[in-house]
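Residues in the sequence shown are numbered from 493 upward in steps of one, following our numbering.
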Amino acid sequence: MEFPNRVYTDEEVRVARELVEKGYRHRITIEGSPEFRQKVRRALELVKIAGYYDFLRTYIRKIKEIDGLTQLRNADAAIWANVYAVESPVDAASIFLQKANHMQEYVELRHYYGGEAEKRSVAKRIEFLEVLKGKSREKEVIAECERLLGLWRDSFLVY
Numbered sequence: 493m494e495f496p497n498r499v500y501t502d503e504e505v506r507v508a509r510e511l512v513e514k515g516y517r518h519r520i521t522i523e524g525s526p527e528f529r530q531k532v533r534r535a536l537e538l539v540k541i542a543g544y545y546d547f548l549r550t551y552i553r554k555i556k557e558i559d560g561l562t563q564l565r566n567a568d569a570a571i572w573a574n575v576y577a578v579e580s581p582v583d584a585a586s587i588f589l590q591k592a593n594h595m596q597e598y599v600e601l602r603h604y605y606g607g608e609a610e611k612r613s614v615a616k617r618i619e620f621l622e623v624l625k626g627k628s629r630e631k632e633v634i635a636e637c638e639r640l641l642g643l644w645r646d647s648f649l650v651y
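Shown next as structure tokens:
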């Protein structure tokens, strides 16, 4: 069974879910300018360091540069991101994990949008930042994790 080109219809979602349950993993492709691709590769290195790369590639097949708002394209199992979203590799990596969490809930037919879903995906992002902070040996990465964790913890109180 092959992963569907689109994950939109009930049948496509069912096939995607079955493949994920059997251990299917995407080979993540990156589309965009050389600068964008370089920054995404750096973010993906951090995802690997934290031990979340398999999770990410379970649900995301492509990260594509766009001139617009960063978003998950569920039907494409893709993240569309602008160059500003990948400026900080730590923040970009955490965005990718948050979007993968949304995609996981979509494939699992969970309520993947709205306040409660957003709360769960932010919790996944915070979890990732805490793990990366603990596993990284780079002072800049650790400092950026601490900065972002402070911001997310403060804003998380709103939920």
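Virtual Cβ for every residue (Gly too), placed ideally from N, Cα, C.
Which two residues bound the contiguous beta strand (DSSP E) that contains residue i?
{"i": "T501", "result": "Neither: T501 is in no beta strand (DSSP E) and is coded neither H nor E."}
{"i": "E557", "result": "K554 to E557"}
{"i": "R565", "result": "Q563 to R565"}
{"i": "E523", "result": "T521 to E523"}
{"i": "A573", "result": "A570 to A573"}
Considering only the alpha carbon of each residue, which of the options lies closest to residue i?
{"i": "Y607", "options": "Y516, H594 and L601", "result": "Residue identity differs from the one stated: residue 607 is Gly in this sequence, not Tyr. Looking at the Cα atoms, H594 is the closest of the given residues."}
{"i": "T501", "options": "D583, R612 and V599", "result": "V599"}
{"i": "S525", "options": "I558, V512 and A584", "result": "I558"}
{"i": "S586", "options": "L561, V507, E503 and V633", "result": "V633"}
{"i": "I560", "options": "A573, D568 and L548", "result": "Reading off the sequence shown, one finds Gly at residue 560, where the question assumed Ile. When each option's Cα is compared against that of G560, the closest is A573."}
Which same chain residues, not among the five before or five after residue i, have their C-beta less than 6 Å away from its C-beta?
{"i": "R529", "result": "I522"}
{"i": "V532", "result": "I522, I555 and V578"}
Starting from residue i, trace the alpha helix (DSSP H) both ways and give me its first and last residue.
{"i": "E600", "result": "Where E600 is concerned, there is no enclosing alpha helix (DSSP H), given that its DSSP letter is neither H nor E."}
{"i": "V539", "result": "P526 to A542"}
{"i": "E494", "result": "Run containing E494: none; DSSP gives neither H nor E here."}
{"i": "A615", "result": "G607 to K627"}
CB-CB under 8 Å to residue i, same chain, minus the five flanking residues each way: which ones, in chain order?
{"i": "G543", "result": "V623 and K627"}
{"i": "A609", "result": "H594, E597, R602 and H603"}
{"i": "E527", "result": "V575"}
Contact check, residue i vs residue j under 8 Å by CB: the rounded distance?
{"i": "R617", "j": "L643", "result": "That pair is no contact at about 11 Å."}
Touch test, the stretch 545-563 against the stretch 508-526, Cβ-Cβ under 8 Å, three pairs minimum
Yes, since at least three Cβ pairs between the stretch 545-563 and the stretch 508-526 fall closer than 8 Å, the two stretches touch.
Any contact of the stretch 625-635 with the stretch 531-544, i.e. 3+ C-beta pairs under 8 Å? Three or more pairs of CB atoms, one per stretch, sit closer than 8 Å, so the stretch 625-635 contacts the stretch 531-544.
Requested in this report: Would you check if the stretch 601-618 and the stretch 569-583 touch, i.e. whether three or more CB-CB distances between them fall below 8 Å?
Outcome: No, they do not touch.
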